[in-house]
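Note that the numbering used here numbers the sequence shown so that position 127 is 1476, with each residue one more than the last. Beta carbons are placed, not taken as given, at the ideal position from N, Cα and C, and that holds for glycine. Beneath this line is the structure, given in structure tokens, with notes to follow.
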Amino acid sequence: MVTYVSALFYGVGGIVVAGVALLVAFQEKLVYVPVLPGLSKSYPITPARLNLIYEDVWLRSSDGVRLHSWFIKMFPDCRGPTILFFQENAGNIAHRLEMVRIMIQKLKCNVFMLSYRGYGESEGYPSQHGIIKDAQAALDHLSQRTDIDTSRIVVFGRSLGGAVGAVLTKNNPEKVSALILENTFTSILDMAGVLLPFLKWFIGGSGTKSLKLLNFVVRSPWKTIDAIGEVKQPVLFLSGLQDEMVPPFHMKMLYAKAATRNSQCTFVEFPSGMHMDTWLTGGDVYWRTVMQFLAKHAPEERKADTGNIISHDVCFIDAY
């Protein structure tokens, strides 16, 4: 009996040790997936394939990494809101083009799509510290452009992109008008136990009962729950209740944390929304929700000849 119990104990211990070793060695490959299985790192399409007006933009992050991005406009002279879009952890910006095409049509906006380091045509290797620098480089670039209304820059992040966006918005209260989070996690520390259940006893965020003995080995903790509590700008939370990747209660926790200090928070649930398709299954309700949020928190203000302020919610194109 003693021998059997000992064998079981050592067997379980061996599995845990092996799992932790794999986590330490390969955690970046679990968190960041620039190349989807069976596909190449290159872009399968460009915005031109969808007849979108775009510009290839090359940036330098503060640590010198060369980054690629697409700046897509509805019209060449459209000065509607500009959405700085941060994608999920898998694939590249080209895989989000169909959604962005509809976003531009529905919201009458510009969209800036950043390839994180190591993704698409960007150089380097992904990491939390590096991607935060990449996001800042993108925002700094937008803030210096003269062809957009820089007072109407809105950050939009889905999943990992929401974690990126929350940190960027917190760090730039003067440059970001508002933040939109969709199907985002509270932290990678909490997600470790979701993806690898045996780890929930050893790794976890501040709101869990985990012993947190191995939190120190996580190099990209992405503590969105902490960042969102410091965001002062308006925040829209879009939650798909059928999310198969991030448990929907993560979004509720993020909203609860934000709302304790920020009265400009809005939480909207979509009963059929899964992790990647909430924008699709949500239909008109989804886009109307975002449109109303932008109209309220990122309105256009232009000075007329009389010096008065006139507000507009859409872009206009000369028909002649």
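Could you please give me the residues that DSSP links to residue i through a beta bridge?
i, result
"PHE1598", "The partner list for PHE1598 (beta bridge, DSSP) is empty, contrary to what the question assumes."
"TRP1407", "HIS1417"
"LEU1528", "VAL1504, VAL1584"
"ALA1607", "The partner list for ALA1607 (beta bridge, DSSP) is empty, contrary to what the question assumes."
"ALA1439", "VAL1382"
"LEU1618", "Checking the sequence shown, residue 1618 turns out to be Glu, not Leu. SER1588."
"ILE1402", "LYS1422"
In whole angstroms, give me the CA-to-CA distance for residue i and residue j.
i, j, result
"ASP1682", "LYS1482", "The requested residue 1682 is not part of the displayed model; the chain covers only 1350 to 1669."
"GLU1377", "LYS1561", "19 Å"
"SER1410", "SER1476", "13 Å"
"GLU1649", "SER1536", "34 Å"
"ILE1394", "LEU1385", "15 Å"
"VAL1584", "LEU1517", "13 Å"
"HIS1599", "VAL1406", "34 Å"
"ARG1314", "VAL1504", "This structure cannot speak to residue 1314, because the chain is shown only from 1350 to 1669."
"GLY1506", "GLN1493", "21 Å"
"ASP1433", "LEU1488", "Checking the sequence, you will find Leu at residue 1433 rather than Asp. Going by the C-alpha atoms only, they are around 8 Å apart."
"PRO1620", "ALA1576", "27 Å"
"ASP1496", "ILE1421", "12 Å"
"LEU1629", "ALA1644", "21 Å"
"PHE1642", "MET1448", "18 Å"
"ALA1647", "GLN1454", "17 Å"
"SER1559", "LYS1572", "15 Å"
"THR1627", "GLU1531", "8 Å"
"LEU1563", "GLY1578", "24 Å"
"ASN1611", "ASP1592", "26 Å"
"TYR1635", "THR1615", "13 Å"
"PRO1596", "TYR1474", "28 Å"
"GLY1479", "GLU1437", "16 Å"
If you count every other CB in all the chains shown that lies within 10 Å of the CB of residue i, and 16 or more means buried, which is it?
i, result
"THR1655", "Residue placement at THR1655 is poorly supported in this model, since its pLDDT is 38, which falls under 50; the coordinates still yield a value, given next. When all chains shown are included, THR1655 counts as exposed."
"SER1660", "Annotation note: pLDDT 40 at SER1660 (below 50); position unreliable, coordinate value reported separately. It is exposed - the Cβ of SER1660 has fewer than 16 other Cβ atoms within 10 Å."
"ASP1633", "exposed"
"PRO1546", "exposed"
"GLY1387", "exposed"
"LYS1652", "Since pLDDT at LYS1652 reaches only 42, below the 50 mark, its modelled position is unreliable, and the value read off the structure follows with that caveat. The residue is exposed, with fewer than 16 neighbouring Cβ atoms inside 10 Å."
"TYR1403", "buried"
"LEU1456", "buried"
"PRO1396", "buried"
"PRO1570", "buried"
"LEU1463", "buried"
"TYR1430", "Per the sequence presented here, residue 1430 reads as Pro, with Tyr not at that position. PRO1430 is buried by the Cβ-count criterion."
"ASP1426", "exposed"
Our contact map puts residue i next to residue j with C-beta atoms below 8 Å; I'd like the distance itself, whole angstroms only.
i, j, result
"LEU1399", "ARG1466", "About 25 Å separates the two Cβ atoms, so there is no contact after all."
"VAL1580", "ALA1541", "In fact, because the Cβ distance is near 24 Å, the residues do not count as touching under 8 Å."
"VAL1543", "PHE1586", "The Cβ separation is near 19 Å, so there is no contact."
"THR1533", "GLY1553", "So it is not a contact: roughly 17 Å between Cβ atoms."
"ALA1527", "GLN1582", "5 Å"
"TYR1392", "ALA1443", "4 Å"
"GLU1472", "VAL1414", "5 Å"
Which residue marks the beginning of the beta strand (DSSP E) containing residue i, and which one marks its end?
i, result
"MET1423", "Run containing MET1423: none; DSSP gives neither H nor E here."
"VAL1460", "1459 to 1463"
"ILE1325", "With the chain running from 1350 to 1669 in the structure shown, residue 1325 is simply not present."
"GLU1650", "1649 to 1652"
For the ligand PLP, is there any heavy atom lying closer than 7 Å to the beta carbon of residue i?
i, result
"ALA1515", "Of the ligands one can find in the structure shown there are none, so the ligand PLP has no counterpart to examine."
Tell me the residue span of the alpha helix (DSSP H) that contains residue i.
i, result
"GLU1447", "1446 to 1456"
"ASP1575", "1573 to 1577"
"ASN1520", "1509 to 1520"
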